[in-house]
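>
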Amino acid sequence: MVKEYQRWEGSDFTPPEADEVALALHIHRRKQNPEAESEPEPKLPQGISIGELEALRSDAVEEGLAEGRQQGLAEGREQGLAQGIEEGRAQGYQQGLEEGLKAGQQQIQEAVAHWLGLADELTAPLEDKDGRIEARLVMLLTAGMQAVLGHEIKTDKDSIHHLIRQGIDALSEDETLITIEVAPTDARLLREHYSEAELKERRWKLREEPTLKHGQCRIESGQSLVELDLQERLRVLCQGLLLEAGLSDDAG
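The numbers in full-length UniProt numbering rise by one with no breaks, and the one at position 93 of the sequence shown is 93.
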């Protein structure tokens, strides 16, 4: 018996099409997760296998990582550079400020010392001159007091005492009771010079007059009145001495 001829074909080892692979994956997911039946079936582009797709995905991931790393590195370098510049500028400013202040303070101290030295050099002759002028004025005033009072002057008590003596001498000799009015400060000086017994013996009545200044006195006896002013007499005398020396404004 002759059998009908049948053509034999070997097994097909070509890779399955992408659609078949996607379908198989979809079926496998549905078996693993039955609730996902409503999900649409994924479709792969024509002519792309799972391996190629994985390779593309891996390349994209690597490229994304590399790009992100490069961008992060660039931004980090830029931020670090800006921060470093800012910190360096602040540190340099502070250091420069401290050094500048230190140098400026030293220069100021040197300048002050220099000008103080010049001032000392300039004022030293003036101080010597002032000392000589002061000594000459003291001598001049002492001579004036001696000329006014007619004797050597040692204290204020002596000056007011002799001033009163001159006023009393100017009164007539037959006067019996003499009233002497002086400033309160001069009255205390006179009481140190004359006791109450001496004043009574001389028939002098000492009276304090607040309106009178130091060096002024008013002597009264009967119909006679003598007023003396020590400062005014000294002023007139000193003015005359200055005129003789050519130091007064009136001399010009």
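Using N, Cα and C, we set each Cβ at its ideal position, and we do this for glycine too.
1. With DSSP run on the structure shown, which of helix, strand or coil describes S223?
2. Consult DSSP for R185 and reduce its assignment to one of helix, strand or coil.
3. Quick check: the region 221-230 against the region 192-200, are at least 3 beta-carbon pairs closer than 8 Å?
4. Give the DSSP-derived three-state secondary structure of E208 in the structure shown.
5. Determine whether the beta carbon atoms of K213 and A183 lie at a separation below 8 Å.
6. Can you tell me where the alpha helix (DSSP H) with K213 in it begins and where it stops?
7. Spatial neighbours of residue 283 within its chain, please: C-beta separation below 8 Å, excluding the five flanking residues on both sides.
8. Considering just the uninterrupted stretch of the alpha helix (DSSP H) at L199, what are its terminal residues?
9. Helix, strand or coil, according to DSSP, for L228 in the structure here?
10. What does the alpha-carbon distance come out to for the pair L73 and G64?
11. Are the beta-carbon atoms belonging to R207 and E227 less than 8 Å from one another?
12. Cα separation between Q71 and A90?
13. Quick check: the Cα distance between I178 and G215, rounded to an integer number of angstroms?
14. Does DSSP put I153 in a helix, in a strand, or in coil?
15. By how many angstroms is the C-alpha of E75 removed from the C-alpha of Q95?
16. Assign L97 to buried or exposed, taking buried as 16 or more other Cβ atoms, counted over all protein chains shown, within 10 Å of its Cβ.
17. Should A190 be labelled buried (16 or more other beta-carbon atoms within 10 Å of its own) or exposed?
18. Is D130 helix, strand or coil by DSSP?
19. Quick one: what does DSSP say M1 is sitting in, helix, strand or coil?
20. Under a Cβ-count criterion, where at least 16 other Cβ atoms within 10 Å of its own Cβ denotes burial, should D12 be classed as buried or exposed?
In brief:
1. As a first step, residue 223 is located in the sequence shown; it is residue number 223 there, counting from the start. A quick correction: the sequence has Gln, not Ser, at residue 223. Three-state DSSP puts Q223 in coil, outside helix and strand.
2. On the sequence shown, residue 185 is found 185 positions in, with the first residue counted as 1. Reading the sequence as shown, one finds Thr at residue 185 and not Arg. Helix, per DSSP.
3. no
4. Translated into the one-based positions of the sequence shown, residue 208 becomes position 208. It is a strand residue.
5. Residue 213 sits at position 213 when you count from the first residue of the sequence shown. Residue 183 sits at position 183 when you count from the first residue of the sequence shown. Yes, the pair counts as a contact, with Cβ atoms nearer than the cut-off.
6. Working through the sequence shown from its first residue, we reach residue 213 at position 213. Here K213 belongs to no alpha helix (DSSP H), and DSSP marks it neither H nor E.
7. No statement about residue 283 is possible, as the shown extent of the chain runs from 1 to 252 and does not include it.
8. Indexing the sequence shown from 1 puts residue 199 at position 199. Start and end: E196 to E201.
9. Against the sequence shown, residue 228 aligns to sequence position 228. If DSSP states are grouped into helix, strand and coil, L228 belongs with the strands.
10. As a working note, residue 73 is residue 73 in the sequence shown. As a working note, residue 64 is residue 64 in the sequence shown. Cα to Cα, L73 sits roughly 14 Å from G64.
11. The residue given as residue 207 occupies position 207 in the sequence shown. The residue given as residue 227 occupies position 227 in the sequence shown. Result no, Cβ atoms of R207 and E227 do not sit closer than 8 Å.
12. For this step, residue 71 is matched to residue 71 along the sequence shown. For this step, residue 90 is matched to residue 90 along the sequence shown. For Q71 and A90, the distance between alpha carbons rounds to 28 Å.
13. Within the sequence shown, residue 178 is the residue found at index 178, counting from 1. Within the sequence shown, residue 215 is the residue found at index 215, counting from 1. Taking the straight line from one Cα to the other gives about 19 Å.
14. Counted from its first residue, the sequence shown places residue 153 at position 153. Confidence in I153 is poor, its pLDDT being 45 and thus under 50, which makes the residue's placement too unreliable to answer from.
15. Position 95 of the sequence shown, counting from 1, holds the residue named residue 95. Position 75 of the sequence shown, counting from 1, holds the residue named residue 75. If I take the Cα positions, the gap works out to 30 Å.
16. The residue labelled residue 97 in the question sits at position 97 within the sequence shown. In the assembly as shown, L97 is an exposed residue. Its beta-carbon has fewer than 16 other beta-carbons within 10 Å.
17. Position 190 of the sequence shown, counted from the first residue, corresponds to residue 190. At residue 190 the sequence reads Leu, which differs from the Ala that was named. Flag for L190 reads buried.
18. Mapped onto the sequence shown, residue 130 falls at position 130. Since pLDDT at D130 reaches only 47, below the 50 mark, its modelled position is unreliable, and no value is offered.
19. Walking along the sequence shown from the start, residue 1 turns up at place 1. With a pLDDT of 48 at M1, under the threshold of 50, the predicted position of this residue should be treated as unreliable, though the coordinate-derived value follows. Of the three classes helix, strand and coil, the one that applies to M1 here is coil, per DSSP.
20. Start at 1 with the first residue of the sequence shown, and residue 12 comes out as number 12. At D12 the pLDDT is 49, less than 50, meaning the model places this residue with poor confidence; the figure from the coordinates comes in the next sentence. Flag for D12 reads exposed.
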